[in-house]
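Q: Which chain is which? The protein sequence lines are G and X, in order.
Read left to right, the first sequence gives residues 111 to 272 (the working numbering).
Read left to right, the second sequence gives residues 111 to 272 (the working numbering).
Cβ coordinates follow ideal geometry from the N, Cα and C atoms, glycine included.
Note that the structure is a prediction, hence the values are computed from the model and not measured.
I'd like to ask some things about the structure below.
There are 2 protein chains.
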Amino acid sequence: MNKEEQVLAEFWDLFNKKIWLDAYKMKESLKEYKPSEIHCIEYIGKSEDSNVTKLAETFYMTRSAISKITKKLIEKGLIDSYQKPDNKKEIYFRLTEQGNAIYKVHEKLHKEFQDRDKAVFEHISEKQLDSMIGFAEKYNKHLDAEINKLGVDLKSESFDKL
Amino acid sequence: MNKEEQVLAEFWDLFNKKIWLDAYKMKESLKEYKPSEIHCIEYIGKSEDSNVTKLAETFYMTRSAISKITKKLIEKGLIDSYQKPDNKKEIYFRLTEQGNAIYKVHEKLHKEFQDRDKAVFEHISEKQLDSMIGFAEKYNKHLDAEINKLGVDLKSESFDKL
DNA sequence: ACTTTTTTGTGTCCTTGTCAACAAAAAACA
DNA sequence: TGTTTTTTGTTGACAAGGACACAAAAAAGT
Chain G
111 MNKEEQVLAE FWDLFNKKIW LDAYKMKESL KEYKPSEIHC IEYIGKSEDS
161 NVTKLAETFY MTRSAISKIT KKLIEKGLID SYQKPDNKKE IYFRLTEQGN
211 AIYKVHEKLH KEFQDRDKAV FEHISEKQLD SMIGFAEKYN KHLDAEINKL
261 GVDLKSESFD KL
Chain X
111 MNKEEQVLAE FWDLFNKKIW LDAYKMKESL KEYKPSEIHC IEYIGKSEDS
161 NVTKLAETFY MTRSAISKIT KKLIEKGLID SYQKPDNKKE IYFRLTEQGN
211 AIYKVHEKLH KEFQDRDKAV FEHISEKQLD SMIGFAEKYN KHLDAEINKL
261 GVDLKSESFD KL
């Protein structure tokens with residue numbers, strides 16, 4: 111495995127472990143709620159006018175899945191939905207008081223996770239961080255472009271089919 | 111969002127996009143096989159004596175899930191299983207000829223993905239790569255230790271319960 | 001040796017998310 | 001303006017994977 115591959119492999123491993131560990135800890139404090147529910151609450155809590163589509167895009171999930179999760183969250187009284195007077199199509203979400211309570215707990219947990227891992231960053235220079243962010247941003251832009259190419263292809267394909 | 115968080119966020123985004131894009135391309139060439147099946151074939155192809163447990167650990171999945179996937183792969187004639195004369199418990203996998211054909215196709219695709227993304231690495235110095243790998247390794251070790259703490263905790267818990 | 005614990009693989013049930021199809025609203029277009 | 005296309009959210013059928021329980025084998029204790 112060359113170094114290019116190794117960078118990604120190590121980071122991938124890192125994420126898998128972190129996700130597993132965070133979820134484990136999460137289950138201790140928020141056992142009655144599911145990870146996906148908490149993710150949605152987190153995003154709804156810190157974003158203005160979040161809707162099914164935005165949630166789906168941020169979590170790389172289908173609208174279908176998000177629609178079901180938010181439905182449950184409404185049934186549980188953790189979020190509620192509202193619309194704007196000039197738009198009868200889009201449905202937005204906001205936290206209820208109960209939802210906000212969970213948001214706070216999650217926030218606290220998030221701080222704990224940062225604390226748990228802060229030693230890792232201790233001897234990392236600002237320069238190194240910038241270098242890594244720069245690399246990842248570059249890679250992201252590259253992938254955006256590649257995905258965009260597909261979009262163009264798809265449209266031209268469907269154009270051909272007409 | 112501070113830089114510590116940003117590093118992880120950018121990489122997370124990167125992975126989501128890459129996985130999505132790779133899977134999209136994969137479906138074009140290997141549409142009759144599922145991503146998880148191909149992953150297993152890939153690992154079995156390049157590892158000696160792979161079994162359910164090893165596959166589960168590498169993919170951060172349950173043995174249950176892997177057991178089902180490999181069962182299907184055997185039914186489809188892409189892999190077959192064997193045992194060692196001195197161990198009647200562990201069951202190992204290897205690729206059949208047909209499985210190896212898919213392995214080759216996957217390998218070629220993998221090269222294509224590397225080629226697609228090689229521009230991203232073009233102006234990244236060896237030093238930068240080392241720095242990133244070093245960081246991720248450090249983070250991995252830290253998480254390993256944290257997970258290990260849980261293991262110890264779990265054992266002491268179950269000890270308490272006896 | 002023999003008893004207990006751990007490892008390994010599997011089957012069943014259940015949850016979660018995707019896919020495809022859909023209706024309603026909005027946006028684009030002519 | 002009226003018509004077509006796109007966006008948005010929802011539903012039902014389905015598939016993938018996890019949780020749990022289990023049996024068989026191996027490893028560890030004693």
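Verify the CB distance criterion: does residue 231/G have a CB-CB separation below 8 Å to chain X?
A: At least one chain X Cβ lies under 8 Å of residue 231/G.
Q: Taking 6 Å as the limit between beta carbons, can you name the residues of its chain near residue 174/G, skipping five residues before and five after?
A: None.
Q: Below 9 Å on C-beta distance, what does residue 179/X contact in chain G?
A: What residue 179/X touches in chain G: nothing, since even the nearest Cβ is about 18 Å away.
Q: Going by DSSP in three states, residue 89/X sits in which element: helix, strand or coil?
A: Outside the displayed span of chain X (111 to 272) sits residue 89/X, for which this structure offers no information.
Q: Quick check: the Cα distance between residue 188/G and residue 207/G, rounded to an integer number of angstroms?
A: Taking the straight line from one Cα to the other gives about 7 Å.
Q: Counting C-beta neighbours from all protein chains within 10 Å, is the total for residue 161/X 16 or more, i.e. buried, or is it exposed?
A: Buried.
Q: Buried or exposed, going by whether 16 or more other CB atoms sit within 10 Å of the CB of residue 129/X?
A: So residue 129/X ends up on the exposed side.
Q: Check whether the Cβ atoms of residue 213/X and residue 152/X lie closer than 8 Å to each other.
A: Yes, they are a contact pair.
Q: Of all the residues that make up the segment 125 to 153 of chain X, which are near chain G by a beta-carbon distance shorter than 8 Å?
A: So the close ones are 125, 126, 127, 128, 130, 131, 134.
Q: Would residue 114/X pass as an interface residue toward chain G - the criterion being a Cβ-Cβ separation below 8 Å?
A: So yes, residue 114/X belongs to the interface.
Q: Just to check my reading of the structure: residue 117/X and residue 239/G have Cβ atoms closer than 8 Å, yes? What is that Cβ distance to the nearest angstrom?
A: Indeed they touch by this definition, with Cβ atoms about 6 Å apart.
Q: Grab me the residues of residue 215/G's own chain with a C-beta within less than 8 Å of its C-beta, minus the 5 sequence neighbours each way, in chain order.
A: Only 139, 140 meet the Cβ criterion.
Q: From 149/G, 134/G, 123/G, 122/G, pick the residue whose C-alpha is nearest to that of residue 210/G; which is it?
A: Here the closest residue by C-alpha is 149/G.
Q: Quick one: which chain X residues come within Cβ less than 9 Å of residue 213/G?
A: Within 9 Å Cβ-Cβ: nothing; residue 213/G doesn't reach chain X, min ~17 Å.
Q: In whole angstroms, give me the CA-to-CA distance for residue 164/X and residue 203/X.
A: Computed Cα separation, rounded: 11 Å.
Q: Spatial neighbours of residue 154/X within its chain, please: C-beta separation below 7 Å, excluding the five flanking residues on both sides.
A: Contacts found: 160, 189, 203, 204, 205.
Q: Let's test the definition: count the other Cβ atoms within 10 Å of the Cβ of residue 120/X and tell me whether it reaches 16, buried, or not, exposed.
A: Residue 120/X should be labelled buried.
Q: What separation, rounded to the nearest whole angstrom, lies between the Cα atoms of residue 284/G and residue 122/X?
A: No answer is possible for residue 284/G: it lies beyond the span of chain G, which begins at 111 and ends at 272.
Q: Of all Cβ atoms in chain X, is any one closer than 8 Å to the Cβ of residue 123/G?
A: So yes, residue 123/G belongs to the interface.
Q: Do you know how far the Cα of residue 192/X is from the Cα of residue 178/G?
A: Using only the alpha carbons, I get a separation of about 43 Å.
Q: From the DSSP secondary-structure annotation, give me the bridge partner or partners of residue 205/G.
A: Answer by DSSP bridge pairing, in chain order: 189/G.
Q: Based on Cα-Cα distance, which residue from 196/G, 194/G, 112/G, 220/G lies nearest to residue 111/X?
A: Comparing Cα positions, the closest option is 220/G.
Q: Near residue 182/G, which residues of its chain fall below 8 Å by C-beta distance, leaving aside the five closest residues on each side in sequence?
A: Result list for residue 182/G: 147, in chain order.
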